[in-house]
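The next block holds one structure in the form of structure tokens; read it before the comments.
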Amino acid sequence: MSDDKKASLNFIEEFIEEDINNGKHKGRVHTRFPPEPNGFLHIGHCKAIWINFELAKKYGGKANLRMDDTNPSTEKTDYVDSIKNDINWLGYEWEGTELYSSDYFQQLYEYATRLIEKGLAYVDDSTVEEIAEMKGEPTAPGVESPYRNRSIAENLDLFQRMRKGEFPDGSRVLRAKIDMTSPNMHLRDPIIYRIKHEHHHRTGNEWPIYPMYDFAHGQSDSIEGITHSLCSLEFIHHRPLYNWFIEQLDIFPSRQIEFARMNVAYMITSKRKLLKLVEEGQVSGWDDARMPTIAGMRRRGYPAEALRNFCERTGVAKRDNVIEMELLEFSVREVLNKTTPRVMAVLDPLKVVITNYPEGQEEFMETENNPEDEGMGKRKLPFSRELYIERGDFMVDAPRKFFRMKPEGDVRLKSAYILHCEGYETDPVTGEVTEVRCTYYPDSRSGEDTSGIKAKGTIHWVSASHAKRAEVRMFDRLFTDPAPTTHEGKDFMEFLNPDSLRVIEAFIEPSLMDAEVGAQMQFMRKGYFCVDQDSTEDKKVFNLTVTLKDSWAKAQKK
RNA sequence: AGACCCAUGGUGUAAUUGGCAACACAGCUGGUUUUGGUCCAGUCGUUCUAGGUUCGAGUCCUAGUGGGUCUACCA
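Under my numbering, the very last position in the first sequence is 558; numbers go up by exactly one each time.
Pasting the structure below:
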């Protein structure tokens, strides 16, 4: 019956299935996510995590988490914890305990020694400038270092003394001896070890020399038996070198495959630039809800499931891409629509007095928590003579298609009565509406409406005497430009959105005072929100996760 | 300038590997709705250019054009 169409494979899956079909590694699939612990994970990492862990899952394989910690200057243990936490939060578990490139320092040292013994590596005494100079340009070949043809014995001796810490930082490096005329700059005798008398977050002062990325990453993959080493496009030029080391060292042949990293409009993923935002105080920290970090998005209220769905929808390819934020927001709303309770909160309050409703009287209105899911139950809302509604839900000179409250008009209060607007009061100075006066139809109560009145619109409300005040943080995109880092001659900071954060005071229904930090809900007709960690016992703080779609507002703009 | 990578609606990704170009988001129109939300239906719009191979090309070949990457003792 069902015409189960073949699910299409992305190009990495095609490679993997080809390898499996060829019996390579006995069909084993083992990936890894290799962050450098020098910053927080962001939306780009999110995609890399998704690819590596989902692929392993799909092919019944394993995925390692490996901290690529070969540079002691920038790496910190604090970051390790946040990285592990973020990955777990996204819903993934790595194989065994987390691994570290630094665990392989001894093995790497031996590999380097093996290279020297084969006459494929040499110690170079040149300065940084000299090495750069001799490297040449992409269009012009480089020249060989005067130290290039030292004897194996001398190289061995020098390298051992480097390891013993006999030489000062920067005085010498170990280079692979490949080809100074290669059109691929990475093959022009790349540096594989440098001297750094620096404390490492895990190996302490054990090592005065540290391997470079190219001499650590591929070998670590190999040591761990990684079958498919997935990385972003900019490493494509490193692949010949990656393979060269595997061949010369004759070690397990991991295969590097490059994919285009994911870019999202209005978000930046440069760790350096993100750090600048934090250090300059443009945001409150790495986990500011406006940050494209996983920690930030979590605090903002983006569900992990939404992020995973988003990664799946955006696909895997080799094309440069910028994904519209709308797709991310769709993914977020999609999950939240199903999972969050609806609650009443008025963000921009306007007082309504129901003149024919007895003073001092109160009623409790039953309302469903989520029309998408009856199982989420019902709750009661206090109702009284004075209410707050959204200022934007009242208009003095309303167009015909305005279905909310307007003079002489009827409007339904969600889960309560239908109101008839009798008039309004304004501030004599500013002309601003200060209060709306209405009457209610006693026989129009929700669920038992016999009034026969049909109100076209339904609006949300809170009882003035019962409502609580709360702080609400209304977030907007951090930048005004979809690609703030791509404009030549302009610093990305010039594109910071001055209105990315608007703090307002809102009135919320009393039940919300019980909401715990992290709790998520829909403020009816406004958007999805979550309780921020800055909340206190008597003052809740809510973060706007994402607004609801608003076709009325959209129509008004035209 | 050299090497390498890439090119399909506005955006992103597909196309049984040479056989009627599709899916999602966005847009637009309508329906349902006690959220102008959700949901449902419909609609708009695509193979960078020029040659070539072929009965047949988004797919293969050549050239061009456009975009990206590479010249850290970072990863």
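Yeah, the Cβ is synthetic: ideal placement off N, Cα and C, and Gly gets one too.
**CB of Gly44 within 7 Å of CB of Ala304, strictly** = no
**Message:** So, does the stretch 239-253 touch the stretch 460-479, judging by three or more C-beta pairs under 8 Å?
**Reply:** no
**Asked** For Lys406, is the classification buried or exposed, using 16 other Cβ atoms within 10 angstroms of its Cβ as the cut-off for buried?
**Response** buried
**Prompt:** For Asp124, which option in Lys118, Glu98, Gln107, Phe167 has the closest C-alpha, if you only look at C-alpha atoms?
**Reply:** The candidate whose alpha carbon is nearest that of Asp124 is Phe167.
**Item:** Alpha carbon of Gly119 to alpha carbon of Thr70, nearest angstrom
**Value:** Distance between the alpha carbons of Gly119 and Thr70 is about 25 Å.
**Asp4 - DSSP class collapsed to helix/strand/coil** = Note that Asp4 scores 43 on pLDDT, short of 50, meaning its location in the model is unreliable; the coordinates nonetheless yield the value given after this. Looking at Asp4 - three-state DSSP - the assignment turns out to be coil, as it is neither helix nor strand.
**Message:** Quick check: His237 and Asn184, are their CB atoms within less than 7 Å of each other?
**Reply:** In this structure, His237 sits near Asn184, with a CB-CB distance shorter than 7 Å.
**Request:** Check Ala153 in the structure and name its three-state DSSP category.
**Result:** helix
**Message:** Here's the rule I'm using: 16 or more other beta-carbon atoms within 10 Å means buried, otherwise exposed. How should Lys5 be labelled?
**Reply:** Residue confidence for Lys5 is low, a pLDDT of 49 falling below 50, so the modelled location carries little weight; the figure read from the coordinates is stated next. Its Cβ having fewer than 16 others within 10 Å, Lys5 is exposed.
**Request:** Flag this pair as touching only if the stretch 189-209 and the stretch 162-178 have three or more C-beta atom pairs under 8 Å; answer yes or no.
**Result:** yes
**Request:** Just the C-alpha distance for Phe492 and Thr486, rounded to the nearest angstrom, thanks.
**Result:** 8 Å
**Message:** The beta strand (DSSP E) that contains Leu419, what's its start and end?
**Reply:** 418-426
**Message:** For Ala345 and Glu505, what's the separation of their Cα atoms in angstroms?
**Reply:** One C-alpha to the other measures close to 11 Å.
**Prompt:** So does the stretch 417-424 actually touch the stretch 372-381, counting three or more Cβ pairs closer than 8 Å?
**Reply:** no
**Message:** Nearest by alpha-carbon distance to Arg342: which of Cys311, Met521, Glu18 is it?
**Reply:** Met521
**Prompt:** For Met297, which of helix, strand or coil comes out of DSSP?
**Reply:** helix
**Asked** Are the stretch 222-239 and the stretch 257-276 touching, with three or more C-beta to C-beta distances below 8 Å?
**Response** yes
**Asked** By Cβ distance below 7 Å, which residues in the same chain neighbour Asn52 in space, the five residues on each side in sequence not counted?
**Response** Excluding sequence neighbours, Asn52 sits near Thr31, Arg32, Phe33, Ala63, Leu230.
**Request:** From the DSSP output, in three-state form, read off Met67 for me.
**Result:** If DSSP states are grouped into helix, strand and coil, Met67 belongs with the strands.
**Asked** Where Glu516 and Val531 are concerned, what is the direct C-alpha to C-alpha distance, given to the nearest angstrom?
**Response** 7 Å
**Item:** Test item: CB-CB of Cys46 and Ile294 under 7 Å
**Value:** Contact: yes.
**Asked** Based on the DSSP secondary-structure assignment, which residues constitute the bridge partners of Arg32?
**Response** Asn64, per the DSSP bridge assignment.
**Asked** In whole angstroms, what separates the C-alpha of Asp221 from that of Ala555?
**Response** 54 Å
**Request:** Ignore the nearest five residues each way along the sequence and tell me which others in Ser415's own chain have a CB closer than 6 Å to its CB.
**Result:** Met365, Thr367, Ser446
**Prompt:** From the DSSP output, which residues share a beta bridge with Ala132?
**Reply:** The partner list for Ala132 (beta bridge, DSSP) is empty, contrary to what the question assumes.
**For Ser511 and Phe383, the rounded distance between their alpha carbons** = 13 Å
**Request:** State the beta-bridge partners of Leu381 as determined by DSSP.
**Result:** Met365
**Message:** Which same chain residues end up closer than 7 Å to Arg239 when comparing Cβ atoms and leaving out the 5 residues on each side of it in sequence?
**Reply:** Gln256
**Prompt:** Between which two residues does the alpha helix (DSSP H) carrying Gln106 extend?
**Reply:** 105-117
**Prompt:** Is it true that the CB of Arg400 sits closer than 7 Å to the CB of Gly457?
**Reply:** no
**Request:** Report the residue from Val546, Gly61, Ile49 whose alpha carbon sits nearest the alpha carbon of Met325.
**Result:** Val546
**Prompt:** Apart from the five residues just before and just after Gln361, which ones in its own chain have a Cβ nearer than 8 Å to its Cβ?
**Reply:** Ser384, Arg385
**Request:** Tell me Glu505's beta-bridge partners as DSSP assigns them.
**Result:** Glu471
**Message:** Distance check for Asp78 and Met1, CA to CA, integer angstroms please.
**Reply:** Confidence in Met1 is poor, its pLDDT being 28 and thus under 50, which makes the residue's placement too unreliable to answer from.
**Message:** Quick check on Glu494: buried or exposed, where buried means 16 or more other Cβ atoms within 10 Å of its Cβ?
**Reply:** exposed
**Message:** Check this for me: beta carbons of Ala306 and Val322, under 7 Å apart or not?
**Reply:** no
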